[in-house]
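Below: one structure, written as structure tokens.
2 protein chains.
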Amino acid sequence: MAVTIYDVAKAAGVGIGTVSRVINDSDRVSPETRARVLAAIEQLGYKPNPMARNLSRQRVRSIGVLLSFLTSPFQVAVLQGIEQVISKAGYELVVYSIESPERRDLVLENLLEGLRLDGVIAVSFAPEEHFLQRFRRYQIPVVVTDYHQEGLPSIFVDNVRGGRMATQHLLELGHRRIAYIQDHFQRPNGPQGNWPGQDRRLGYLQALEAAGVEAEPSLIVESQGHTRARGAAAMAQLLERPDPPTAVFAASDMLALGAMEQIHQRGLRVPGDVALVGFDDIELAAFAALTTVRQPMRRMGRLAAQALVQLLAKEPLETLAQELPLTLVVRESCGAKAGLQSGVAPSESTHP
Amino acid sequence: MAVTIYDVAKAAGVGIGTVSRVINDSDRVSPETRARVLAAIEQLGYKPNPMARNLSRQRVRSIGVLLSFLTSPFQVAVLQGIEQVISKAGYELVVYSIESPERRDLVLENLLEGLRLDGVIAVSFAPEEHFLQRFRRYQIPVVVTDYHQEGLPSIFVDNVRGGRMATQHLLELGHRRIAYIQDHFQRPNGPQGNWPGQDRRLGYLQALEAAGVEAEPSLIVESQGHTRARGAAAMAQLLERPDPPTAVFAASDMLALGAMEQIHQRGLRVPGDVALVGFDDIELAAFAALTTVRQPMRRMGRLAAQALVQLLAKEPLETLAQELPLTLVVRESCGAKAGLQSGVAPSESTHP
DNA sequence: AGGAAGCATGGAAGCGCTTCCACTAAGGCC
DNA sequence: GGCCTTAGTGGAAGCGCTTCCATGCTTCCT
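As given, the protein sequences belong to chains S and B, one line each in that order. Heads up: the first sequence is residues 67 to 418, going by my numbering. Heads up: the second sequence is residues 67 to 418, going by my numbering.
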């Protein structure tokens with residue numbers, strides 16, 4: 067039915083080994099033979115069967131990305147960056163969407179069983195040590211984004227610093243009662259390490275301390291996941307206090323936008339009644355005139371993919387850990403700019 | 067190194083054929099033998115090698131989704147729906163992101179050459195006939211979403227009706243000068259058929275005619291792609307006219323949001339100066355209080371995936387074409403609701 | 001009782017490639 | 001001139017599975 071390597075070999079009057087050498091453009095084939103084989107390939111319209119190649123080589127030329135797709139524009143942006151590089155490097159991109167932390171281990175398990183991947187990129191988390199060990203045993207490189215894990219190639223930002231930047235900015239604007247809306251860590255039984263939200267909180271606390279403002283624990287609200295609804299709920303909780311905060315720093319833009327919605331819903335104004343700073347700089351942030359700490363999301367994805375491609379080519383990495391810069395993007399929601407007191411306002415139409 | 071079917075056969079004291087029958091839980095294995103084999107599998111920790119299975123079966127258990135990922139929240143929502151079903155059915159999801167229409171054919175070409183896919187879902191376009199023929203020859207089913215193509219399993223909405231709904235709504239609110247911001251079709255040389263934006267335009271024209279309002283061609287503005295920047299540019303063009311429209315219907319929410327931004331930027335108000343209706347009901351729409359025509363995006367993805375899974379199981383489809391309902395979601399941007407005159411306003415925190 | 005039919009099973013063949021080893025011929029060296 | 005390299009090549013073996021055919025044993029008819 068389909069043209070095989072044998073057909074090509076016969077047509078070119080050579081052995082299959084030679085054909086194989088030509089299509090893998092390896093060494094040691096004389097120019098004349100190569101030309102003959104290429105002609106036969108062309109003429110027959112031969113395409114090597116990838117499944118057979120995979121079985122023979124024990125590799126599949128596809129890489130997997132693990133993320134919780136459904137929730138966060140941040141992750142989608144990272145994915146875009148990954149895609150750009152991966153497809154150019156000739157790999158397939160297999161997406162594993164993980165809705166719940168319980169499913170995470172299931173997916174990793176399947177993935178290890180299946181062995182259908184050459185490499186893995188984990189977004190916003192690091193697999194647990196026993197998984198990493200198994201990946202290592204199978205020689206499947208793992209790269210982590212938005213998470214810093216010692217000993218693992220990771221692309222990340224300094225979330226502590228980011229938290230400080232946001233909080234400092236609000237402090238400089240005169241705020242003293244600053245709340246923090248934090249995400250809840252996704253893994254119930256795992257190590258309660260430094261996930262981004264936790265680090266941002268640390269930065270928040272550091273900034274308060276540096277300014278001589280005593281942190282009030284009850285001004286830190288946890289919300290499960292980065293959705294608008296969660297942000298709104300957290301904000302509601304804060305606004306129902308007898309002494310609501312005058313400013314809020316949220317662990318992500320989605321949470322901040324939910325908070326903004328809630329503030330408006332109660333007839334209050336941003337930044338007039340409550341100043342707001344988010345994190346990420348997703349596209350919506352510009353639209354909503356949200357002041358935020360920008361992460362280079364796409365770049366994160368690109369760098370992660372590049373690192374993985376390098377590892378797959380057996381090239382060593384210059385640095386295991388790559389830290390990317392953060393930028394405070396001042397828009398209207400924090401009140402730093404004179405003028406507009408409403409939530410929506412003119413905003414850049416370019417989005418780097 | 068790894069445990070193979072031979073090891074299991076030896077351990078269980080049976081032939082490899084029997085082991086194969088057990089793991090594919092096919093018929094005709096006696097309960098005792100099956101138990102013995104399962105015990106051996108368990109004990110050795112045997113996992114069938116997917117690459118070998120693929121080669122032998124000539125299938126790969128993965129399906130591809132073609133979309134232009136980078137641009138549209140609509141497509142990401144559809145993808146989410148697809149993912150839900152696909153992963154449950156035990157397939158891998160391979161994402162092909164297509165930035166430009168030129169790359170589309172390239173990707174299809176590679177995909178056909180590679181034969182590494184069992185099925186394909188195309189989002190917001192249909193492959194050209196010659197591609198479809200080749201897919202048919204290789205027995206790779208193709209399902210299309212957000213696009214209606216005769217003879218192809220398609221999940222879609224009635225975009226003409228959607229365009230009518232949006233325009234009628236604005237007409238009922240008293241508007242007579244209603245502009246339409248349309249997307250530009252993505253394929254330069256292909257058939258300039260009825261892509262969604264074109265159908266919505268048709269509905270727009272029908273509604274105008276039904277209301278006895280003469281359509282003004284110059285009030286239809288084309289913009290390349292569904293981005294905020296494009297929407298803003300189109301809106302700028304409309305606002306610079308001596309006789310700007312009092313209402314705008316945009317072919318997507320992203321275009322509408324860009325338009326909204328532009329309106330605000332010029333110190334004008336929504337809906338006071340310009341009423342706005344979008345299309346899709348992406349998450350941002352609720353946030354921005356944008357009146358819009360809701361498409362069941364996730365459901366679209368789910369149904370497409372279900373259809374594909376059915377086809378892969380050789381089950382016939384009840385219907386080739388599935389039309390999903392549209393809903394007009396009235397928020398503040400059209401001016402139908404009293405109260406708020408600003409762009410941002412309270413909005414639902416649930417998003418179906 | 002004898003034959004037909006059905007069930008459970010073993011294992012060879014085959015999927016289409018890569019890889020490695022063996023082989024030839026040609027050149028280089030002393 | 002004889003021996004050692006080395007470049008170029010052919011093709012068997014092997015990757016780990018599915019599938020199909022052959023085989024032996026039951027069971028069930030007539």
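We treat Cβ as the ideally placed atom computed from N, Cα and C, and that holds for glycine. This structure is a prediction, so every number in the text was calculated from the model and none was measured.
Host alpha helix (DSSP H) of GLN272 of chain B (start-end): Counting along the chain, the alpha helix (DSSP H) containing GLN272 of chain B begins and ends at 262-276.
Limits of the alpha helix (DSSP H) - the one that LEU374 of chain B falls within: From DSSP, the alpha helix (DSSP H) with LEU374 of chain B extends over 363-378.
is_contact[SER163 of chain S, chain B] using C-beta, thresh 9 Å: Yes - at least one Cβ of chain B is within 9 Å of the one on SER163 of chain S.
From B:THR358, B:LEU145, B:LEU356, B:LEU390, residue whose alpha carbon lies closest to that of TYR162 of chain S: Ranking the options by Cα distance to TYR162 of chain S, first place goes to B:LEU145.
Cutoff 8 Å; reference ASP73 of chain B; Cβ partners in own chain excluding five residues on either side: So the list reads LEU110, TYR112, once near-sequence residues are dropped.
Contact set between the region 102-127 of chain B and chain S, restricted to residues whose Cβ is under 8 Å from the partner: Legend: CB atoms of the region 102-127 of chain B lying less than 8 Å from CB atoms of chain S belong to residues LYS113, ASN115, PRO116, MET117, ALA118, ASN120, LEU121, GLN124, VAL126.
Residues near GLU288 of chain S by beta carbon distance below 7 Å, same chain, minus five either side: So the qualifying residues of the chain are GLN248, HIS250.
Chain S contacts made by the region 135-167 of chain B, where a contact means CB separation under 9 Å: Flagged, chain order: PHE135, LEU136, PRO139, VAL142, LEU145, GLN146, GLU149, GLN150, SER153, GLU158, LEU159, VAL160, VAL161, TYR162, SER163, GLU165.
Length of the line joining the Cα atoms of GLY240 of chain S and ALA354 of chain S: Taking the straight line from one Cα to the other gives about 23 Å.
Residue-chain proximity (GLU327 of chain B, chain S), Cβ-Cβ < 9 Å: With 9 Å as the cut-off, GLU327 of chain B counts as an interface residue toward chain S.
Counterpart residues of VAL223 of chain B in DSSP-defined beta bridges: The beta-bridge partner set that DSSP reports for VAL223 of chain B consists of B:LEU390.
Close Cβ partners of TYR246 of chain B (< 7 Å) along its chain, the five nearest in sequence each way excluded: Taken in chain order, the residues that qualify are ARG267, TYR270, LEU285, ILE286, PHE315.
Option in B:GLU216, B:PRO262, B:SER138 with minimal Cα separation from VAL223 of chain B: Comparing alpha carbon positions, the residue from B:GLU216, B:PRO262, B:SER138 closest to VAL223 of chain B is B:PRO262.
Reference ARG227 of chain S; option with closest CA among S:ALA276, S:GLY217, S:PHE201: By alpha-carbon distance to ARG227 of chain S, the top candidate from S:ALA276, S:GLY217, S:PHE201 is S:ALA276.
Cross-strand partners of THR70 of chain S (DSSP beta bridge): Answer by DSSP bridge pairing: none, since THR70 of chain S is not bridged.
GLN205 of chain B versus PRO114 of chain S - alpha carbon distance: About 19 Å.
Identified DSSP bridge partners for TYR246 of chain B: BP columns for TYR246 of chain B point to B:ILE286, B:PHE315.
Closest residue to ALA436 of chain S among S:GLU282, S:LEU133, S:ALA155 (Cα-Cα distance): With chain S covering 67 to 418 only, the question about residue 436 of chain S has no answer from this structure.
Nearest-angstrom Cα separation, counted from GLY344 of chain S out to GLY291 of chain S: A direct Cα-to-Cα measurement between GLY291 of chain S and GLY344 of chain S gives close to 15 Å.
ARG365 of chain S: contacting residues in chain B (beta-carbon distance under 7 Å): In chain order: nothing, as chain B lies at least about 14 Å away.
Proximity winner among S:LEU177, S:SER138, S:ILE148, S:ALA143, relative to SER153 of chain B (alpha-carbon distances): For SER153 of chain B, the closest alpha carbon among the candidates S:LEU177, S:SER138, S:ILE148, S:ALA143 is that of S:LEU177.
Closer than 9 Å to chain S by CB, ALA316 of chain B: When Cβ-Cβ separations below 9 Å define contact, ALA316 of chain B makes no contact with chain S.
Nearest neighbour of ARG364 of chain S, chosen from S:VAL126, S:ASP347, S:VAL336 [CA to CA]: That would be S:ASP347, whose Cα lies nearest to the Cα of ARG364 of chain S.
Contact list for LEU323 of chain B against chain S, beta-carbon separation under 7 Å: When 7 Å is used as the limit between beta carbons, LEU323 of chain B is near these residues of chain S: PHE353, in chain order.
Where the beta strand (DSSP E) through ARG360 of chain B begins and ends: Segment 357-360, the beta strand (DSSP E) holding ARG360 of chain B.
Buried versus exposed call for GLY229 of chain S [16 or more other C-beta atoms within 10 Å across all chains shown]: By the Cβ-count criterion, GLY229 of chain S is buried, with 16 or more other Cβ atoms from all chains shown falling within 10 Å of its own Cβ.
Inter-residue Cα distance where the pair is HIS214 of chain S and SER190 of chain S: So the two alpha carbons sit approximately 9 Å from each other.
Sub-9 Å separation of VAL131 of chain B and VAL160 of chain B beta-carbons: Result yes, Cβ atoms of VAL131 of chain B and VAL160 of chain B sit closer than 9 Å.
Minimum Cβ-Cβ distance from ARG200 of chain B to chain S less than 9 Å: No, ARG200 of chain B lies away from the interface with chain S (no Cβ there is under 9 Å from its Cβ).
Assigned secondary structure, LEU383 of chain B (DSSP; H/G/I helix, E/B strand, else coil): It is coil, neither helix nor strand.
Secondary structure of MET206 of chain B, DSSP reduced to three states: In the sequence as displayed, the identity of residue 206 of chain B is Ile instead of Met. DSSP, reduced to helix, strand and coil, places ILE206 of chain B outside both helices and strands of the structure shown, so it counts as coil.
Cutoff 8 Å; reference SER128 of chain S; Cβ partners in own chain excluding five residues on either side: Only TYR157, GLU158, LEU159, VAL160, ARG182, LEU183, ASP184 meet the Cβ criterion.
Helix, strand or coil at PRO254 of chain B according to DSSP, with G and I counted as helix: Any reading at PRO254 of chain B must be qualified, since the residue scores a pLDDT of 47, below 50, and its modelled position is unreliable; the value itself is stated next. Secondary structure of PRO254 of chain B (DSSP, three-state): coil.
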